[in-house]
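All you need for our numbering is the position in the sequence shown, starting with 1, plus 182.
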Amino acid sequence: LREYPSTQGSVYFSSKTFDKNPNGWNDSLRNHYYHNPAIIPPMPWLNNATITQPAIEKMGNNLFKVTNKSEGKIRAFGVLTLTQNTEIKFALAQLVQLIIADKTTLIDLSKVPDTKDRRVFVVAVDQYNNVSQLKEIK
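Now the structure itself:
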């Protein structure tokens with residue numbers, strides 16, 4: 183699937199194979215192919231709202247307070263990383279954490295995976311999976 187640029191993920195139509203876990207298949211998928219979380223793609227035919235970037239306040243050495251600045255409710259904050267010289271685009275970023283919260287959350291960068299030599303960003307995600315622009319944690 184990774185050879186086709188138009189493919190954005192995988193769908194499994196039956197979960198019975200996952201129940202049996204033949205030859206440790208589940209573990210292999212979890213550890214090698216799906217070790218990062220994913221955000222469900224937005225459904226613009228339901229709602230195509232623009233989400234405001236979250237506000238970020240430095241609280242300590244590696245601790246940041248992230249606050250929802252959108253008028254509507256959100257369901258989560260996503261923590262994403264990009265290599266140093268990559269263009270700042272959501273499609274190029276790697277989601278490393280999804281934090282379920284509707285107003286505010288604390289992010290401890292020392293506990294966020296895959297941040298070494300990478301830039302870290304936060305997005306707000308609403309109930310329709312619309313995503314805000316990336317806001318860098320500095």
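In this text, a Cβ means the ideal position worked out from N, Cα and C, and glycines have one as well.
Residue nearest to lysine 247 within the set Ile270, Pro295, Leu291, Asp201 is Leu291 (criterion: CA-CA distance). Judged by DSSP secondary structure, threonine 199 falls within the alpha helix (DSSP H) whose first and last residues are 198-202. Rounded to the nearest angstrom, the gap between the Cα atoms of glutamate 318 and asparagine 311 is 20 Å.
Among the bridge pairs identified by DSSP, glycine 260 is matched with Leu280, Val305. Here the C-alpha atom of asparagine 244 lies approximately 9 Å from the C-alpha atom of lysine 293.
Contact check between the stretch 231-240 and the stretch 262-272: fewer than three CB pairs, one atom from each, fall below 8 Å, which does not count as touching. Looking at the DSSP output, valine 313 sits in a beta bridge with Val307. By the Cβ-count criterion, aspartate 308 is buried, with 16 or more other Cβ atoms from all chains shown falling within 10 Å of its own Cβ.
Leucine 245 is bridged by DSSP to Asp290.
Counting the other CB atoms within 10 Å of its CB gives serine 196 a total below 16, which places it among the exposed residues. Rounded to whole angstroms, the gap between the alpha carbons of isoleucine 270 and alanine 306 is 16 Å. Alanine 237 is bridged by DSSP to Thr249.
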